[in-house]
Amino acid sequence: MAAAVQQHLSLDSLLDIPSWQLPGWDDSLAVHGHSAQKPDADTVDKLDVSLAILSRYRNSLRPFNRLTSDILVLIFSQLLSEHADPHNDRFGSYPWMGVAQVCHFWRHVALTTPLLWTHISTRYCTAALACIERSSEAGLSLFIYEDSNEATMSKVLTAIIPHIHRLRHLYVPSNMMKDDNGNIRQVLQPLINSKAPALETFETQFIRFNAAWIPMHTLFTGHTPSLTRLKLHFMLPRLSAASFGKLRVLSFTGRKSTPTTLPMSDFLDILEACPLLEQLRAEKFTLEAARNDDTRKVTLENLQLLQLGRSKGSLVADFLNRLHIPECAIKLKVHFDRYDENKFFMGIPLPHELDSDHPLNDIRKMHISWMNGRDGVEIFGATLNQPFHIHGFIEGDTVSNLGDMDVISGTFFQSIIRAFNFDSLEEFGMTEYRNSYRWQGISKKGWEDTFRRMPKLKAFHLTSDGGYDEGFSRSILAALEGPDRSGNLFCPQLESLDVHGDKTWSSLQCYEIALARKEKGHPLKRVSMKLSHYATFSDSSETDLPLLRKHVETVNLEPQDISFPEFPEAP
3 MAAAVQQHLS
13 LDSLLDIPSW
23 QLPGWDDSLA
33 VHGHSAQKPD
43 ADTVDKLDVS
53 LAILSRYRNS
63 LRPFNRLTSD
73 ILVLIFSQLL
83 SEHADPHNDR
93 FGSYPWMGVA
103 QVCHFWRHVA
113 LTTPLLWTHI
123 STRYCTAALA
133 CIERSSEAGL
143 SLFIYEDSNE
153 ATMSKVLTAI
163 IPHIHRLRHL
173 YVPSNMMKDD
183 NGNIRQVLQP
193 LINSKAPALE
203 TFETQFIRFN
213 AAWIPMHTLF
223 TGHTPSLTRL
233 KLHFMLPRLS
243 AASFGKLRVL
253 SFTGRKSTPT
263 TLPMSDFLDI
273 LEACPLLEQL
283 RAEKFTLEAA
293 RNDDTRKVTL
303 ENLQLLQLGR
313 SKGSLVADFL
323 NRLHIPECAI
333 KLKVHFDRYD
343 ENKFFMGIPL
353 PHELDSDHPL
363 NDIRKMHISW
373 MNGRDGVEIF
383 GATLNQPFHI
393 HGFIEGDTVS
403 NLGDMDVISG
413 TFFQSIIRAF
423 NFDSLEEFGM
433 TEYRNSYRWQ
443 GISKKGWEDT
453 FRRMPKLKAF
463 HLTSDGGYDE
473 GFSRSILAAL
483 EGPDRSGNLF
493 CPQLESLDVH
503 GDKTWSSLQC
513 YEIALARKEK
523 GHPLKRVSMK
533 LSHYATFSDS
543 SETDLPLLRK
553 HVETVNLEPQ
563 DISFPEFPEA
573 P
């Protein structure tokens with residue numbers, strides 16, 4: 003009997019189903035998971051025995067608490083990564099250490115692996131001091147908690163200074179970077195004035211009651227050869243304050259109510275010192291014009307994301323003209339400049355054009371959305387490969403002198419159109435969300451001027467949720483129907499119309515457009531409409547859609563939206 007049991011203890015015998023020799027079990031079907039007849043009681047008993055043998059085999063394997071040290075380190079590292087965000091309240095507290103108490107071996111592995119003890123926070127003084135000792139020569143991440151009392155903070159910082167050559171990441175509250183005299187707080191000075199050759203990240207945390215901008219202090223004697231990420235609040239970067247040669251992420255921001263100014267020439271100096279820069283975020287500050295003799299351009303081949311705001315549109319356009327950023331997504335917040343009393347421009351006004359290598363010179367898609375209840379627009383777009391997003395605002399004195407957006411919207415829209423080069427534009431969309439006031443729309447001539455600048459347009463998207471029926475879409479349709487001065491159609495490559503919500507949509511005008519374009523050899527291929535007057539019909543054959551299908555390849559009630567490439571994750 004013992005020999006039989008021993009035979010069943012091998013994994014091969016347990017996996018070889020025909021060798022089980024169970025009464026009432028058809029071997030020819032067993033391999034396929036079927037039984038030729040209903041198992042009898044003896045069969046069930048034999049199965050119970052086999053399961054017991056299988057359980058015994060499982061228990062003969064290495065127990066979980068005897069995993070090798072390298073596997074345990076991987077498990078502990080994964081647990082550590084769940085609390086690796088320095089802004090997490092539990093950073094540096096090591097809540098996972100309870101798992102290491104399973105047995106002495108696990109505890110030994112945890113305590114003797116330096117990489118598991120690199121997260122230090124002044125919030126947890128005892129754990130911080132233990133980490134400094136246990137981390138051996140591993141790189142350190144230090145988070146200075148804003149509410150730590152000075153004695154505790156000093157104790158941790160004093161202990162870490164002899165190990166500052168291992169410091170890789172440092173997070174400091176923004177209010178600690180200056181005292182009443184504008185200097186670095188006394189408790190922090192010994193750390194900041196030491197050398198940190200391995201430092202990769204320096205970040206100041208946003209503290210709300212700190213509102214004043216200051217120049218960036220010299221960090222670690224100004225020599226930070228490994229610095230790759232610099233994120234500042236209420237501080238402007240300064241070339242002599244740190245080493246920028248390996249910087250990949252640069253971010254600085256303040257408060258809208260207390261903006262500071264940065265001369266464009268100084269900004270370009272900083273960017274020239276960052277040839278490897280991948281992400282740039284600069285917000286809540288104001289650009290100043292460059293020096294008259296400064297005509298240079300800065301090349302940032304690796305830049306993937308530029309986020310800038312908020313300054314006058316003309317200065318932002320000038321700044322972009324000075325950058326060569328071939329593969330960069332762009333986010334901007336700009337104030338539209340005003341000139342000639344009632345005209346605006348987001349860049350240099352006509353007759354000047356954007357440079358041929360301007361980052362926004364090769365636009366393929368654009369969608370303009372009027373912001374409900376605010377005097378501005380959101381512009382979503384994409385060049386051949388990269389997206390861009392622009393918040394455009396009108397300044398308060400303009401609203402006071404000329405009226406709000408509902409009064410000047412037509413002129414404002416034309417100013418946007420003139421600001422860009424649409425020679426390569428293929429998709430254009432517009433959303434109107436003016437629910438409180440009447441929409442002062444654009445005339446047929448205004449739309450003709452717009453479409454004249456879009457010779458390669460293939461798809462037009464219109465969404466209107468306005469509270470009044472102002473004939474918003476009819477001037478658009480009228481412009482698309484008629485020929486230009488030379489007798490040719492506007493937008494000869496137009497293939498698709500998508501309309502959502504406009505109560506004034508004219509199916510007759512759309513029919514005339516489809517017929518005219520078909521006769522000219524440029525037929526529409528798709529018309530999609532989601533309109534209230536079609537909502538009550540369950541059968542589309544009872545509407546005018548079958549008539550429109552005579553001249554349009556596809557007519558449906560499911561309009562599509564413009565799709566844009568994804569933005570890289572912000573720093």
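Note that my numbering has the sequence shown beginning at 3, numbered continuously upward.
Virtual Cβ for every residue (Gly too), placed ideally from N, Cα, C.
Please read these numbers as outputs of a predicted model, since none were measured by experiment.
Opening and closing residue of the alpha helix (DSSP H) in which residue i lies
| i | result |
| --- | --- |
| residue 134 | 127 to 136 |
| residue 331 | Careful: residue 331 lies outside any alpha helix (DSSP H), inside the beta strand (DSSP E) at 331 to 337. |
| residue 112 | 106 to 113 |
| residue 448 | 446 to 454 |
| residue 160 | 152 to 162 |
| residue 147 | Unbroken run through residue 147: none, as it is neither H nor E. |
| residue 75 | 71 to 83 |
| residue 549 | 547 to 550 |
Distance CB(residue i)-CB(residue j) smaller than 7 angstroms
| i | j | result |
| --- | --- | --- |
| residue 232 | residue 204 | yes |
| residue 557 | residue 547 | yes |
| residue 291 | residue 254 | no |
| residue 145 | residue 88 | yes |
| residue 218 | residue 240 | yes |
| residue 1 | residue 172 | Nothing can be reported for residue 1: it is not among the residues displayed for the chain, which extend from 3 to 573. |
| residue 459 | residue 422 | no |
| residue 310 | residue 325 | no |
| residue 453 | residue 493 | yes |
| residue 276 | residue 249 | yes |
| residue 201 | residue 229 | yes |
| residue 491 | residue 522 | yes |
| residue 526 | residue 518 | no |
| residue 137 | residue 119 | yes |
| residue 140 | residue 117 | yes |
Residues that DSSP places opposite residue i in a beta bridge
| i | result |
| --- | --- |
| residue 231 | 203 and 251 |
| residue 117 | Answer by DSSP bridge pairing: none, since residue 117 is not bridged. |
| residue 429 | 367 and 461 |
| residue 187 | Note: residue 187 sits in no beta bridge, so no partner. |
| residue 520 | None; residue 520 has no bridge partner. |
| residue 381 | 370 and 392 |
| residue 327 | In DSSP, residue 327 forms no bridge with anything. |
| residue 220 | Residue 220 pairs with nothing; no bridge assigned. |
| residue 434 | 466 |
| residue 166 | According to DSSP, residue 166 bridges with nothing at all. |
| residue 485 | 491 |
N-terminal and C-terminal residue of the beta strand (DSSP E) that residue i is part of
| i | result |
| --- | --- |
| residue 498 | 498 to 502 |
| residue 175 | 169 to 175 |
| residue 532 | 528 to 532 |
| residue 558 | 556 to 558 |
Chain D contact for residue i (CB, 7 angstroms cutoff)
| i | result |
| --- | --- |
| residue 303 | The question asks about chain D, but that chain is absent: this structure has only one protein chain. |
Environment of residue i [buried if 16+ CB atoms lie within 10 Å]
| i | result |
| --- | --- |
| residue 33 | Low confidence applies to residue 33: its pLDDT is 48, below 50, so where it sits in the model is not reliable enough to give any reading. |
| residue 227 | exposed |
| residue 332 | buried |
| residue 361 | buried |
| residue 31 | Below a pLDDT of 50, predicted positions are generally treated as unreliable, and residue 31, at 48, falls in that range; the measurement from the model is reported next regardless. By the neighbour-count rule (16 or more Cβ atoms within 10 Å), residue 31 is not buried but exposed. |
| residue 100 | exposed |
| residue 354 | Bear in mind that the predicted position of residue 354 carries a pLDDT of just 47, short of 50, making it too unreliable to give a figure here. |
| residue 1 | In the structure displayed, the chain extends from 3 to 573; residue 1 sits before or after that span and is not available. |
| residue 314 | buried |
| residue 383 | buried |
| residue 104 | exposed |
| residue 385 | buried |
| residue 125 | buried |
| residue 465 | buried |
| residue 184 | exposed |
| residue 38 | Because the pLDDT at residue 38 is just 48, under 50, the model does not fix this residue reliably, and the value given afterwards should be weighed accordingly. Looking at its Cβ environment, which holds fewer than 16 other Cβ atoms inside 10 Å, residue 38 is exposed. |
| residue 256 | buried |
| residue 237 | buried |
The ligand PLP heavy atom lying under 6 angstroms from the CB of residue i
| i | result |
| --- | --- |
| residue 136 | Of ligands this structure carries none, so the ligand PLP is not represented either. |
Let me know the alpha helix (DSSP H) ranges lying completely inside the region 236 to 314, each 4 residues or longer, listed in chain order.
-> 266 to 274
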